[in-house]
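Since the structure comes first, as structure tokens, the remarks are kept for the end.
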Amino acid sequence: MPLINAVGNHDLANGNIYEKEFGKTYFSFLISTELFIVLNTELDDGSIKKEQLTFFRDALNSARSENIKNIFVFSHRPVWAEQSSRYGKLFKDNTRTSIGENNFSSEVEPLLKEISKAKNVFWLSGSMGGGPASFFYDKDEETKITFIQTAIRDLPRDAVLQVNVNNGGVSFKGISLTGETLKPIEDYNVLFWTKTTPHEEKFNFRLLPLMILQMLTHHFFWIGVITTLISCFLILLIIKRWKRKK
0 MPLINAVGNH
10 DLANGNIYEK
20 EFGKTYFSFL
30 ISTELFIVLN
40 TELDDGSIKK
50 EQLTFFRDAL
60 NSARSENIKN
70 IFVFSHRPVW
80 AEQSSRYGKL
90 FKDNTRTSIG
100 ENNFSSEVEP
110 LLKEISKAKN
120 VFWLSGSMGG
130 GPASFFYDKD
140 EETKITFIQT
150 AIRDLPRDAV
160 LQVNVNNGGV
170 SFKGISLTGE
180 TLKPIEDYNV
190 LFWTKTTPHE
200 EKFNFRLLPL
210 MILQMLTHHF
220 FWIGVITTLI
230 SCFLILLIIK
240 RWKRKK
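The numbering of the sequence shown is numbering that gives the first Met the number 0, which starts it at 0 and goes up by one.
Quick look at the structure:
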């Protein structure tokens, strides 16, 4: 299986440099009997909308061919977890939609449920804010979609996921980056995450320069600065006028 990277907030922190260097931030491709769909969950704050939604719908429609055995969807954010009563509490530290709710349950999931009746669907995400392991795995019984999450956090538990496809069959294997003994990927399920106490994650000071850069280049920061300056100016003006009246 090829090495696939779904763009995230760090990739897009500097405007459109990523697109200029690498092209579209959402795309799909076929390898033998496998369809790979890469989505950009940063484009509309966790929602798949407009041109990207049309692209996603068309990509899934192309999978109706009998030749396609498996569909792999990749996204940075686990947008499937935000509104889910099953997953939401497990990933409360993950990147979430800033305002309102994303459109996964209303527009994206129905498309997947329709195709998952005939095809194997795997949705793989990153952006894991914290937790007891580097993996999460669950096959939803209702939708028949397998949801997987993985992340590297500069911790002893760090590991990568190896996906093997052989004659239409799919298997997963966790590979530790620190020499730890790992369970089968399927064991890192809802029950494991519910019962296991998360490891305490120490702050990574090496990320400070990146965080400062992101703060300074984000429009919310400058909106806050301008609003604060205007508010301070108005307060000073009111105080001066009040003093004059006295």
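In this text, a Cβ means the ideal position worked out from N, Cα and C, and glycines have one as well. On a predicted model such as this, the values are computed, not experimentally measured, just so you know.
Sub-8 Å separation of residue i and residue j beta-carbons
{"i": "Ile174", "j": "Val159", "result": "yes"}
{"i": "Tyr262", "j": "Glu106", "result": "Residue 262 is absent from the structure shown; the chain starts at 0 and stops at 245."}
{"i": "Ala80", "j": "Val37", "result": "no"}
{"i": "Ala62", "j": "Ile114", "result": "yes"}
{"i": "Tyr25", "j": "Gln51", "result": "yes"}
{"i": "Asp152", "j": "Glu179", "result": "It should be pointed out that residue 152 corresponds to Arg in this sequence rather than to Asp. Contact: no."}
Residue i in three-state terms, based on DSSP
{"i": "Asn60", "result": "helix"}
{"i": "Thr227", "result": "helix"}
{"i": "Gly168", "result": "strand"}
{"i": "Tyr17", "result": "helix"}
{"i": "Val107", "result": "helix"}
{"i": "Leu38", "result": "coil"}
{"i": "Trp79", "result": "coil"}
{"i": "Ile184", "result": "helix"}
{"i": "Leu89", "result": "helix"}
{"i": "Val189", "result": "helix"}
{"i": "Leu160", "result": "strand"}
{"i": "Ile238", "result": "helix"}
{"i": "Glu50", "result": "helix"}
{"i": "Ile114", "result": "helix"}
Buried versus exposed call for residue i [16 or more other C-beta atoms within 10 Å across all chains shown]
{"i": "Ser27", "result": "buried"}
{"i": "Ala132", "result": "buried"}
{"i": "Leu215", "result": "exposed"}
{"i": "Ala117", "result": "exposed"}
{"i": "Ile70", "result": "buried"}
{"i": "Asp57", "result": "exposed"}
{"i": "Asn101", "result": "buried"}
{"i": "Gly7", "result": "buried"}
{"i": "Trp241", "result": "exposed"}
{"i": "Glu65", "result": "exposed"}
{"i": "Glu33", "result": "buried"}
{"i": "Phe103", "result": "buried"}
{"i": "Phe90", "result": "buried"}
{"i": "Glu108", "result": "buried"}
{"i": "Asp139", "result": "buried"}
{"i": "Thr177", "result": "exposed"}
{"i": "Gly130", "result": "buried"}
Top-ranked residue by Cα proximity to residue i, from the options
{"i": "Leu181", "options": "Ser170, Phe134 and Gly129", "result": "Phe134"}
{"i": "Ser31", "options": "Tyr25, Glu20, Lys68 and Phe21", "result": "Lys68"}
{"i": "Leu110", "options": "Gly178, Gly129, Val72 and Trp241", "result": "Val72"}
{"i": "Asn163", "options": "Arg156, Lys172 and Asp157", "result": "Lys172"}
{"i": "Glu141", "options": "His218, Val120 and Pro208", "result": "Val120"}
{"i": "Pro183", "options": "Gln161, Gly130 and Gly167", "result": "Gln161"}
{"i": "Phe35", "options": "Gln213, Pro208, Leu207 and Phe54", "result": "Phe54"}
{"i": "Arg246", "options": "Lys244, Lys239, Val189 and Ile211", "result": "Residue 246 lies beyond the residue range present for the chain, which begins at 0 and ends at 245; the question has no answer from this structure."}
{"i": "Lys88", "options": "Thr193, Ile237, Phe220 and Leu236", "result": "Thr193"}
{"i": "Gly128", "options": "Lys112, Leu154 and Asp139", "result": "Leu154"}
{"i": "Leu59", "options": "Asp92, Lys112 and Asn166", "result": "Lys112"}
Could you tell me whether the stretch 74-84 touches the stretch 30-47, where touching means 3 or more Cβ pairs closer than 8 Å? yes
Three-pair Cβ contact test at 8 Å for the stretch 96-116 versus the stretch 45-52: yes
Between the stretch 121-128 and the stretch 220-240, are three or more C-beta pairs nearer than 8 Å? no
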